[in-house]
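Trainee:
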Amino acid sequence: MTDIMKRAEGQLAALVKTALCDAMEAGALPQAELLDFKVEIPADRKNGDYSTNIAMVHARQFRTAPIKIANTILERMDLSGSYFSHAEAAGAGFLNFTLSPSYYADTLLSVEEAGEKYGCSDLFKGKRALVEFVSANPTGPMHIGNARGGALGDSLAEVLSRAGYETEREFYINDGGNQIEKFGLSLDIRYRQHFGDPVEMPEDSYHGQDIIDHAAAFAEIHGDKYLHVSEAERRQALIAYALPLNIAGLERDLKKYKITYDTWFKESTLHESGKAAKMVELLTEKGWTYELDGAVWFKAEQFGCEKDFVLRRSNGFYTYIVPDIAYHYNKLCERGFDLAVDVLGADHHGYVPRLKAALTALGVDAEKLQVVLMQMVNLVRNGETVKLSKRSGKAITLVTLLDEVPIDAARFFFNMREANTHCDFDLDLAVEQSSQNPVYYCQYAHARICSIFRKMEESGTPFTGCTKEQALLLTAAEEKELIRYLSTLPTEVESAAKALDPSRMTRYAMELSSLFHKFYNACRCNVEDADLRAARLFLCRCTRTALANVLGMLKVDAPENM
RNA sequence: GCCCACGUAGCUCAGCAGGAUAGAGCACGAGCCUCCUAAGCCCGGGGUCGCACGUUCGAAUCGUGUCGUGGGUGCCA
Numbered sequence: 299m300t301d302i303m304k305r306a307e308g309q310l311a312a313l314v315k316t317a318l319c320d321a322m323e324a325g326a327l328p329q330a331e332l333l334d335f336k337v338e339i340p341a342d343r344k345n346g347d348y349s350t351n352i353a354m355v356h357a358r359q360f361r362t363a364p365i366k367i368a369n370t371i372l373e374r375m376d377l378s379g380s381y382f383s384h385a386e387a388a389g390a391g392f393l394n395f396t397l398s399p400s401y402y403a404d405t406l407l408s409v410e411e412a413g414e415k416y417g418c419s420d421l422f423k424g425k426r427a428l429v430e431f432v433s434a435n436p437t438g439p440m441h442i443g444n445a446r447g448g449a450l451g452d453s454l455a456e457v458l459s460r461a462g463y464e465t466e467r468e469f470y471i472n473d474g475g476n477q478i479e480k481f482g483l484s485l486d487i488r489y490r491q492h493f494g495d496p497v498e499m500p501e502d503s504y505h506g507q508d509i510i511d512h513a514a515a516f517a518e519i520h521g522d523k524y525l526h527v528s529e530a531e532r533r534q535a536l537i538a539y540a541l542p543l544n545i546a547g548l549e550r551d552l553k554k555y556k557i558t559y560d561t562w563f564k565e566s567t568l569h570e571s572g573k574a575a576k577m578v579e580l581l582t583e584k585g586w587t588y589e590l591d592g593a594v595w596f597k598a599e600q601f602g603c604e605k606d607f608v609l610r611r612s613n614g615f616y617t618y619i620v621p622d623i624a625y626h627y628n629k630l631c632e633r634g635f636d637l638a639v640d641v642l643g644a645d646h647h648g649y650v651p652r653l654k655a656a657l658t659a660l661g662v663d664a665e666k667l668q669v670v671l672m673q674m675v676n677l678v679r680n681g682e683t684v685k686l687s688k689r690s691g692k693a694i695t696l697v698t699l700l701d702e703v704p705i706d707a708a709r710f711f712f713n714m715r716e717a718n719t720h721c722d723f724d725l726d727l728a729v730e731q732s733s734q735n736p737v738y739y740c741q742y743a744h745a746r747i748c749s750i751f752r753k754m755e756e757s758g759t760p761f762t763g764c765t766k767e768q769a770l771l772l773t774a775a776e777e778k779e780l781i782r783y784l785s786t787l788p789t790e791v792e793s794a795a796k797a798l799d800p801s802r803m804t805r806y807a808m809e810l811s812s813l814f815h816k817f818y819n820a821c822r823c824n825v826e827d828a829d830l831r832a833a834r835l836f837l838c839r840c841t842r843t844a845l846a847n848v849l850g851m852l853k854v855d856a857p858e859n860m
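Using this note's numbering, read the first sequence as starting at 299 and increasing by one per residue.
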């Protein structure tokens, strides 16, 4: 697969470097060491399609004014055979370049050749990545934060795949530890209440309707027989009944949200197999633990943490981080992923360095663990923050959100902002079918293109292909801008993957749509000139390909009609 | 107290391996369909890039300090 943009940038760097070296050899510039320089796209297009700061960077080296160095380079540069048709020195000493017509034509040909693979890259080929996301507490329904995490994690996994990673999605089921105890206790009390026992729910138990329903359904099946067994046995039976139902519910709801996982990993397996305990043993063997007040502590300060922390409580139970250490040890060492990404709420940020410290102590390369922290979601309706659902009075769940907002809109909106920024989710805007809604803006661009092809079919002049000669006819500013942006997609995917930031793809979709709409208003496809018509339809076709690919990464539909 | 993130237009946010006159959407005001979808395009006003120092040819971008917001700082997860 050919990345035309990278090829052009490579040519540019080589051109200026060669010219600079020639100048030094010829004595036009003094001998000096070559420094790193930048090749970039100027913010203001009046300054060309590309610019480089090579002359400015070397000003000190050569004890020469940047603009003079730039002109010396310019004199010795031969653009023939490259993707550049013109170069000039400008400003303080920038060298500005103009792309040649064949750059645009070749870009379209490369889009056509790659088809639905356009935008993919083999940057991380041969590497395996695991993205763990949502991992909602299985003791209750998913909330709005899980909705953001779901959209983010799933799209991120897709971005990583397209950047070459062999990617898997995983849900970590927290079916061990305190919250399960609390779950059992809550079910237990609801069960007893069901039979008239006046026992009350403690403050910190789960008060949701779902717990009452589970207890009632359990009572329906088993009657009051569990009133007569030990509390521990009763709780265990209740958990064994309700937990699988909850997990199945999570799976079902996430599927509605277009998310399916490769694996559902149970925390309990880490306890049962002794792997959690093994972590503490290993750390102790390596001398990274000590006992104090009956608890086992990890020497986290030695690994850059603020404080040491407890691994095993004085009551003999492990703290929550121990199974987490075992879990990540499993990801990186036992299953051998090259990259493990955790998508977590920002309230977990203090925990990340501690987990990494423990992994480092175990001899694991903690750099392979990357954590994407996302800030809280602020739901907005009628310009005001919504905290609770009107119907239930409880926090709004993923399911109730999806009752109200189209899935595509939800997934798109949650990926509009970088993970680490607070996110306002405007319920009114998300359902609005108007120009204000960015989801429709992108989908409309796609539908418009499809409509053009339908019209051409109807009028008896369907698109039958485009040669490079025909593609060279695309010289309008709107055409060139659109093609130029198409050429950046492979690099954009790579940078989204490197930054673990799928929101770049959302922004790409919006910008691409915008450039298409501009082109559409400026240039008619249905023109008399058959060559120009072929070229413009080809541009439409390539735009549709790229837009569909990007929307596909977000799992947003690309409709043919709107 | 200490640690982390964030602070850019009225609102929501891009830009931040330092570069040329700081951008977009929304909102507000004015235009564009006898012609491929007006869910579109186009023009306009709007800014002390929180504040102050520092690094440099050059800082929204890097560093230090400071103020503001949110989060963390449990033998909770």
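No residue lacks a Cβ here, since even glycine has one placed at the ideal position from N, Cα and C.
Being a predicted model, the structure only gives us computed values, none of them experimental.
Give the straight-line distance between the Cα atoms of Leu-580 and Phe-596, rounded to the nearest whole angstrom.
Mentor: Numbered from its first residue, the first sequence carries residue 580 at position 282. Numbered from its first residue, the first sequence carries residue 596 at position 298. Their backbone Cα atoms lie some 11 Å apart in a straight line.
Trainee: Counting only the same chain and skipping the five closest in sequence on each side, list residues whose C-beta sits under 6 Å from that of Val-404.
Mentor: Along the first sequence, read from residue 1 onward, the residue named residue 404 stands at position 106. One detail in the question is off: residue 404 reads as Asp in this sequence, not Val. Contacts found: Ile-302.
Trainee: Quick check: the segment 592 to 609 against the segment 438 to 457, are there 3 or more CB pairs under 8 Å?
Mentor: no
Trainee: Should His-744 be labelled buried (16 or more other beta-carbon atoms within 10 Å of its own) or exposed?
Mentor: Residue numbering aside, residue 744 sits at position 446 when the first sequence is read from its first letter. When all chains shown are included, His-744 counts as buried.
Trainee: Sorted by chain position, which residues of the same chain lie with C-beta nearer than 7 Å to Ala-833's C-beta, five sequence neighbours on each side aside?
Mentor: Position 535 of the first sequence, counted from the first residue, corresponds to residue 833. If we look at Ala-833 and ignore the five residues flanking it on each side, its Cβ neighbours are Cys-764, Gln-768, Ala-769, Leu-771 and Leu-772.
Trainee: Entirely within the segment 409 to 433 and at least 3 residues each: give me those beta strand (DSSP E) ranges in chain order.
Mentor: 426 to 430
Trainee: Pull the bridge partners of Leu-667 from the DSSP assignment, please.
Mentor: By 1-based counting over the first sequence, the position of residue 667 is 369. In DSSP, Leu-667 forms a bridge with Ala-638.
Trainee: My output table needs one value for Ser-400: the three-state DSSP class, helix, strand or coil.
Mentor: For this step, residue 400 is matched to residue 102 along the first sequence. Here Ser-400 sits in helix by DSSP.
Trainee: Measure the beta-carbon distance from Thr-396 to Asp-347 and round it to whole angstroms, keeping in mind my assumption that it falls under 8 Å.
Mentor: For the purposes of this step, residue 396 is taken as residue 98 along the first sequence, with counting starting at 1. For the purposes of this step, residue 347 is taken as residue 49 along the first sequence, with counting starting at 1. So it is a contact: roughly 6 Å between Cβ atoms.
Trainee: Here's the rule I'm using: 16 or more other beta-carbon atoms within 10 Å means buried, otherwise exposed. How should Ala-856 be labelled?
Mentor: Numbered from its first residue, the first sequence carries residue 856 at position 558. With at least 16 other beta carbons inside 10 angstroms of its own, Ala-856 counts as buried.
Trainee: Assuming Val-675 and Cys-721 are in contact, meaning their beta carbons sit under 8 Å apart, how far apart are those beta carbons, in whole angstroms?
Mentor: Start at 1 with the first residue of the first sequence, and residue 675 comes out as number 377. Start at 1 with the first residue of the first sequence, and residue 721 comes out as number 423. The Cβ separation is near 5 Å, so the contact holds.
Trainee: If you follow the beta strand (DSSP E) that His-720 is part of, which residue opens it and which one closes it?
Mentor: Residue mapping note: residue 720 aligns to position 422 of the first sequence, counting from 1. Neither: His-720 is in no beta strand (DSSP E) and is coded neither H nor E.
Trainee: Please classify Pro-328 as buried or exposed, where buried requires at least 16 neighbouring CB atoms within 10 angstroms.
Mentor: Locating residue 328 in the first sequence gives position 30, where the first residue counts as 1. Burial call: exposed.
Trainee: Select from Gly-474, Tyr-416 and Asp-420 the residue whose C-alpha is nearest the C-alpha of Phe-615.
Mentor: In the first sequence, counting from the first residue as 1, residue 615 sits at position 317. That would be Gly-474, whose Cα lies nearest to the Cα of Phe-615.
Trainee: Under a Cβ-count criterion, where at least 16 other Cβ atoms within 10 Å of its own Cβ denotes burial, should Asp-640 be classed as buried or exposed?
Mentor: One-based indexing of the first sequence puts residue 640 at position 342. It counts as buried.
Trainee: Go to Ile-509, then tell me how far its beta strand (DSSP E) extends in each direction, as first and last residue.
Mentor: Indexing the first sequence from 1 puts residue 509 at position 211. Annotation for Ile-509: no beta strand (DSSP E) segment contains it, though the alpha helix (DSSP H) segment containing it runs 507 to 520.
Trainee: Using the Cα positions of Ala-828 and Thr-759, report the straight-line distance between them to the nearest angstrom.
Mentor: As a working note, residue 828 is residue 530 in the first sequence. As a working note, residue 759 is residue 461 in the first sequence. When rounded, the distance between both Cα atoms is 9 Å.
Trainee: Mind checking whether His-626 and Ala-644 have CB atoms under 8 Å apart?
Mentor: Stepping through the first sequence from its first residue, residue 626 is reached at position 328. Stepping through the first sequence from its first residue, residue 644 is reached at position 346. Cβ distance not < 8 Å, so His-626 and Ala-644 don't count as in contact.
Trainee: Any idea which residues DSSP pairs Phe-469 with across the strands?
Mentor: Taking the first residue of the first sequence as 1, we reach residue 469 at position 171. Beta-bridge pairing links Phe-469 to Trp-562.
Trainee: If you reduce the DSSP assignment to three classes, tell me which class Ala-326 lands in.
Mentor: Taking the first residue of the first sequence as 1, we reach residue 326 at position 28. In the structure shown, Ala-326 sits in coil (DSSP, three-state: anything other than H, G, I, E or B).
Trainee: Looking at Pro-788: is its Cβ nearer than 8 Å to the Cβ of Gly-462?
Mentor: As a position in the first sequence, residue 788 is number 490, starting the count at 1. As a position in the first sequence, residue 462 is number 164, starting the count at 1. Not closer than 8 Å, so no.
Trainee: Can you check which of these residues, Lys-523, Glu-599 and Pro-399, is closest to Leu-536 by C-alpha distance?
Mentor: Mapped onto the first sequence, residue 536 falls at position 238. Ranking Lys-523, Glu-599 and Pro-399 by CA distance to the CA of Leu-536 puts Lys-523 first.
Trainee: Select from Asp-622, Ala-655, Ala-390 and Phe-563 the residue whose C-alpha is nearest the C-alpha of Glu-466.
Mentor: Here the question's residue 466 lines up with position 168 in the first sequence. Cα-wise, what sits closest to Glu-466 is Phe-563.
Trainee: By the three-class DSSP mapping on this structure, what secondary structure does Ser-503 have?
Mentor: If you number the first sequence from 1, residue 503 lands on position 205. Reduced to three states, the DSSP call for Ser-503 is coil.
Trainee: Since Leu-609 is in the beta strand (DSSP E), which residue starts that stretch and which ends it?
Mentor: One-based indexing of the first sequence puts residue 609 at position 311. Annotation for Leu-609: the continuous beta strand (DSSP E) segment containing it runs 607 to 610.
Trainee: Take Phe-392 and list the residues in its own chain whose beta-carbon comes closer than 6 Å to its own, dropping the five residues that flank it on each side.
Mentor: Taking the first residue of the first sequence as position 1, residue 392 is located at position 94. Ser-349.
Trainee: Decide if Asp-701 is buried, meaning its Cβ has at least 16 other Cβ atoms within 10 Å, or exposed.
Mentor: Numbered from 1 along the first sequence, position 403 holds the residue referred to as residue 701. Exposed: under 16 other Cβ atoms inside 10 Å.
Trainee: CA-CA distance, Lys-816 and Ala-306?
Mentor: Taking the first sequence and counting its residues from 1, the one referred to as residue 816 is at position 518. Taking the first sequence and counting its residues from 1, the one referred to as residue 306 is at position 8. Near 26 Å, if we compare the C-alpha coordinates of Ala-306 and Lys-816.
Trainee: Please go through the same chain and pick out, in chain order, the residues whose beta-carbon is closer than 6 Å to the beta-carbon of Ala-513, but skip the five residues on each side of it.
Mentor: On the first sequence, position 215 is the one that residue 513 refers to. Excluding sequence neighbours, Ala-513 sits near Leu-485, Arg-488, Tyr-489 and His-492.
Trainee: Which of the three DSSP states is assigned to Val-684 in this structure?
Mentor: As a working note, residue 684 is residue 386 in the first sequence. DSSP places Val-684 in strand when its eight states are reduced to three.
Trainee: With the cut-off set at 8 Å, would you say Cys-740 and Leu-849 are in Cβ contact?
Mentor: Residue 740 sits at position 442 when you count from the first residue of the first sequence. Residue 849 sits at position 551 when you count from the first residue of the first sequence. Yes; because the gap between Cβ atoms is below 8 Å, this pair is in contact.
Trainee: Quick check on DSSP: helix, strand or coil for Tyr-618?
Mentor: Translated into positions along the first sequence, residue 618 becomes position 320. Residue state, collapsed to three classes: coil.
Trainee: Taking contact to mean 3 or more Cβ pairs, one atom from each stretch, closer than 8 Å, check whether the segment 571 to 586 and the segment 655 to 663 are in contact.
Mentor: yes
Trainee: Check the DSSP bridge columns for Glu-464 and list the partner residues they point to.
Mentor: Position 166 of the first sequence, counted from the first residue, corresponds to residue 464. Partner(s): Arg-426.
Trainee: So within the segment 736 to 807, which uninterrupted alpha helix (DSSP H) runs reach at least 4 residues, ignoring any that extend past its ends?
Mentor: 736 to 756, 766 to 769, 775 to 785 and 787 to 796
Trainee: Could you compute how far the alpha carbon of Arg-550 sits from the alpha carbon of Pro-439?
Mentor: Along the first sequence, read from residue 1 onward, the residue named residue 550 stands at position 252. Along the first sequence, read from residue 1 onward, the residue named residue 439 stands at position 141. Those two C-alpha atoms are separated by around 11 Å.
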